[in-house]
Amino acid sequence: MEDDWPPGPYYLLVSRKADAPQCAVWPAGFRRALPEIPVPLEPPDVDVPLSLQPLVEPIYAESRYGRNIDYTAPCRPPLGEEDSLWLERRLRDLGRR
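Residue numbers (numbering that gives the first Met the number 0): 0 to 96.
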């Protein structure tokens, strides 16, 4: 990358074949929905916007991750204090704590 990484715990990277290894980067985290990203196509076609969150939610539900993940166990690697407090509130609201 030519620029500094944006702040965030996770990242989404998209690279055009002709520009690799250069890429565009979007920060991602669990406090907000995943962003819409452009999927590069070959010229002359324009990029196709792809909304990621609507894809992830049904996969989570259909794969029954909620039954396999121990939501009482601490996160590894551990979250920062602010994120831990947010996650604790969210899990309580969802009846997981």
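From the three backbone atoms N, C-alpha and C, an ideal C-beta is built for every residue, glycine too.
Computed from a predicted model, the values in this text were never measured in an experiment.
Alpha helix (DSSP H) runs contained entirely in the stretch 50 to 76, provided each spans 4 or more residues: Runs of the alpha helix (DSSP H) lying entirely within the stretch 50 to 76 and spanning at least 4 residues, in chain order: 52 to 62 and 64 to 67.
For Gly41, the three-state DSSP class (helix, strand or coil): Translated into the one-based positions of the sequence shown, residue 41 becomes position 42. The question names Gly, but residue 41 in the sequence shown is Glu. In this structure, Glu41 counts as coil in the three-state DSSP scheme.
Rounded straight-line distance, which links the Cα of Cys74 to that of Leu33: The sequence position of residue 33 within the sequence shown is 34, counting from 1. The sequence position of residue 74 within the sequence shown is 75, counting from 1. Whole-angstrom Cα-Cα distance: 20 Å.
Cβ-Cβ distance between Gly28 and Tyr9 below 8 Å: By one-based count along the sequence shown, residue 28 stands at place 29. By one-based count along the sequence shown, residue 9 stands at place 10. For Gly28 and Tyr9, yes; Cβs fall inside 8 Å.
Identified DSSP bridge partners for Glu35: On the sequence shown, position 36 is the one that residue 35 refers to. Answer is Ser50.
Boundaries of the alpha helix (DSSP H) in which Leu84 is found, first to last residue: Against the sequence shown, residue 84 aligns to sequence position 85. It spans Glu80 to Asp92 - the alpha helix (DSSP H) in which Leu84 sits, taken as one unbroken run.
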